[in-house]
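**Student:** Numbering (my numbering), first residue to last: 1210 to 1603.
No residue lacks a Cβ here, since even glycine has one placed at the ideal position from N, Cα and C.
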Amino acid sequence: MTRRLFGTLCGLVFLVNFGRVAFPPLVETLQTQFSVGPATIGVVTSLVWLGTAIPRIPVGYLLTRVSRSKVVLGSGTLLVVAAAFTASATSVLTLQIGAFGLGLASGAYFVSATPLVGELFPERVGRMVGIHGAASQVAAVVAAPVVVFILASYSWRETFWVLAAAGALVTLLLYAVSRDGSAGAGTGADRDFSAALGHWKLILTGILLIAPAGFVWQGLFNFLVSYMTQAKAFDAATASTMLTIVFAAGVPAFSLSGRLADNLPHVPYIFGLLVAFIGALVALTYAQGFVAVAVVVAVLGYVIHSLFPALDTFMLSSLPSDARGSAYAVFSGAALLLEANGSGAVGFLTEANYAFEAVFRTLAGGLAVFVAALAVLYAVNRLPGVDRTDPSSA
């Protein structure tokens, strides 16, 4: 029964993530369809991720009253409604509302489902969170080719009509699985939201470790197709291939990194991934030619997607069970509120005639300084909520 529930969750996470990552390969098309520039579409993509962030803390409180399985069902229902609304958009405003709704659905899903997965498999948190993340990542891999295929024969709207239909089917399946009793394990609600806030030091550290890198990543992948066509002189098909590669590298990354996070010291492993991400981003700005760019993009995709399950494992393993869901909600919600602005920032800067290469090198430099400061705090055992002399917390 537990495995059936987990399998259904993997299906739904595929769809909620598809709703988030369907926009990058549509950036050029949407600019043409709505006669707007990159800054406006950058706002649309930012709204997806702001929507992902905003409901997390309120949903964290909701989980003190409602079981995780019911919140997951609600997120599936919202996904269907938001996808249909987006497909019907007739103006930039309605497109923005639809994008925001898709973000809300994903935010409610992740904040309820990720702790649920951890509770379903308490002895294998990293591994199972990694598998769940890999299912999500498959959506990112297929998004670009699926969107390109749909655009070849239909309009961009069909992308979201298909998503709405698939979301309805999987949500109904999840409802059936929940009714047969398979959701009985691991669905306990956290009853004390204030207890979560008592772990603010650990939550702060989690935010500091992920939000700056996430900000840069949001700006990069949402404009990767435009970056490849403008700065690397690739055609649209090749640029979409690069987007597929960066996400495809994340499929093994989620699974392997989850397992590594179960066995390696959490914080040093996270620092290693952050340094590798910075190096890969700088290398990307200098790489030229299909092969060189593809290799760097693959490394970059592997590293950044390794970071997410590593952070989740660190947080879920460090937080006590009575506050795990709510504290995770506060952590992920606050972090994503900061991260979501990345694509808007990059869109604004490029529309102001700053070159992509200069923007990404500047972001990489700023991130390097920030990570170095965190590493110094860790070295002197002053990183909030982390005791490096205690293997279970470090």
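#1: Could you say which of A1457, L1469, F1523 and L1482 lies nearest to V1506 if we only look at CA atoms?
#2: In this structure, how does DSSP classify D1471 when only helix, strand and coil are distinguished?
#3: Using only CA atoms, which one of S1255, H1514 and Q1242 lies nearest to G1551?
#4: Pop quiz: F1243 and L1304 are said to be a contact at Cβ under 8 angstroms. What is the actual Cβ separation, rounded to whole angstroms?
#5: Looking at the structure shown, is I1416 part of a helix, part of a strand, or coil, going by DSSP?
#6: Candidates A1231, F1227, S1284 and G1594: which alpha carbon is nearest L1413's?
#7: Is it buried or exposed, Y1511, if we count other Cβ atoms within 10 angstroms and call 16 or more buried?
#8: Given A1394, which residues of its chain have a CB within under 7 angstroms of its CB, disregarding the five upstream and five downstream residues?
#9: At the level of alpha carbons, what is the spacing between F1294 and C1219?
#10: I'd like the list of long-range same chain contacts for R1183, defined as Cβ closer than 6 angstroms, with 5 residues on each side in sequence excluded.
#11: Do V1356 and L1239 have their CB atoms nearer than 8 angstroms?
#12: What are the boundary residues of the alpha helix (DSSP H) that includes H1514?
#13: Counting only the same chain and skipping the five closest in sequence on each side, list residues whose C-beta sits under 8 angstroms from that of T1286.
#14: Just to confirm the assignment: which complete alpha helix (DSSP H) runs, minimum length 4, are found wholly within the segment 1297-1377?
#15: Using the Cα positions of L1429 and L1383, report the straight-line distance between them to the nearest angstrom.
#16: How far does the alpha helix (DSSP H) with G1553 in it extend, from its first residue to its last?
#17: Do you know how far the Cα of V1252 is from the Cα of V1568?
#18: Can you round the beta-carbon distance between A1489 and M1451 to whole angstroms, since I take them to be within the 8 angstroms contact cut?
#19: Does the structure place the segment 1462-1469 close enough to the segment 1514-1522 that three or more beta carbon pairs sit under 8 angstroms?
#20: Is the Cβ-Cβ distance between G1260 and L1311 less than 8 angstroms?
**Tutor:** Looking at the coordinates:
#1: In the sequence shown, counting from the first residue as 1, residue 1506 sits at position 297. Among A1457, L1469, F1523 and L1482, the Cα nearest to that of V1506 is on A1457.
#2: As a position in the sequence shown, residue 1471 is number 262, starting the count at 1. Looking at D1471 - three-state DSSP - the assignment turns out to be helix.
#3: One-based indexing of the sequence shown puts residue 1551 at position 342. For the residues S1255, H1514 and Q1242, the minimum Cα distance to G1551 belongs to S1255.
#4: Stepping through the sequence shown from its first residue, residue 1243 is reached at position 34. Stepping through the sequence shown from its first residue, residue 1304 is reached at position 95. Between the beta-carbon of F1243 and that of L1304 there is about 7 angstroms, and that keeps the pair under the 8 angstroms contact cut.
#5: Residue 1416 sits at position 207 when you count from the first residue of the sequence shown. If DSSP states are grouped into helix, strand and coil, I1416 belongs with the helices.
#6: For the purposes of this step, residue 1413 is taken as the residue at position 204 of the sequence shown. Comparing Cα positions, the closest option is G1594.
#7: Here residue 1511 refers to the residue found at position 302 when the sequence shown is read from its first residue. The residue in question, Y1511, is buried, as its Cβ has 16 or more Cβ neighbours within 10 Å.
#8: On the sequence shown, residue 1394 is found 185 positions in, with the first residue counted as 1. Here the model assigns A1394 a pLDDT of 43, short of 50, so the residue's position is not dependable and the matter cannot be decided.
#9: On the sequence shown, position 85 is the one that residue 1294 refers to. On the sequence shown, position 10 is the one that residue 1219 refers to. Straight-line Cα distance between these residues: approximately 24 angstroms.
#10: No answer is possible for residue 1183: it lies beyond the span of the chain, which begins at 1210 and ends at 1603.
#11: Taking the first residue of the sequence shown as position 1, residue 1356 is located at position 147. Taking the first residue of the sequence shown as position 1, residue 1239 is located at position 30. Going by C-beta atoms, V1356 is not nearer than 8 angstroms to L1239.
#12: Within the sequence shown, numbered from 1, the residue matching residue 1514 stands at position 305. Its alpha helix (DSSP H) spans residues F1499 to S1527.
#13: Here residue 1286 corresponds to residue number 77 of the sequence shown, with the count starting at 1. Excluding positions up to five away in sequence, the list reads T1380.
#14: Within the segment 1297-1377, the complete alpha helix (DSSP H) runs of at least 4 residues are 1301-1329 and 1334-1362.
#15: To locate residue 1429, count along the sequence shown from 1; it is residue 220. To locate residue 1383, count along the sequence shown from 1; it is residue 174. Here the alpha carbons of L1383 and L1429 stand approximately 34 angstroms from one another.
#16: Residue 1553 sits at position 344 when you count from the first residue of the sequence shown. Per DSSP, G1553 belongs to the alpha helix (DSSP H) from N1550 to E1560.
#17: On the sequence shown, position 359 is the one that residue 1568 refers to. On the sequence shown, position 43 is the one that residue 1252 refers to. Taking the straight line joining both Cα atoms gives about 17 angstroms.
#18: Against the sequence shown, residue 1489 aligns to sequence position 280. Against the sequence shown, residue 1451 aligns to sequence position 242. Between M1451 and A1489 the Cβ distance is about 13 angstroms, and since that is not below 8 angstroms, they are no contact.
#19: yes
#20: Here residue 1260 corresponds to residue number 51 of the sequence shown, with the count starting at 1. Here residue 1311 corresponds to residue number 102 of the sequence shown, with the count starting at 1. Against a cut-off of 8 angstroms, the Cβ pair of L1311 and G1260 comes out as a contact.
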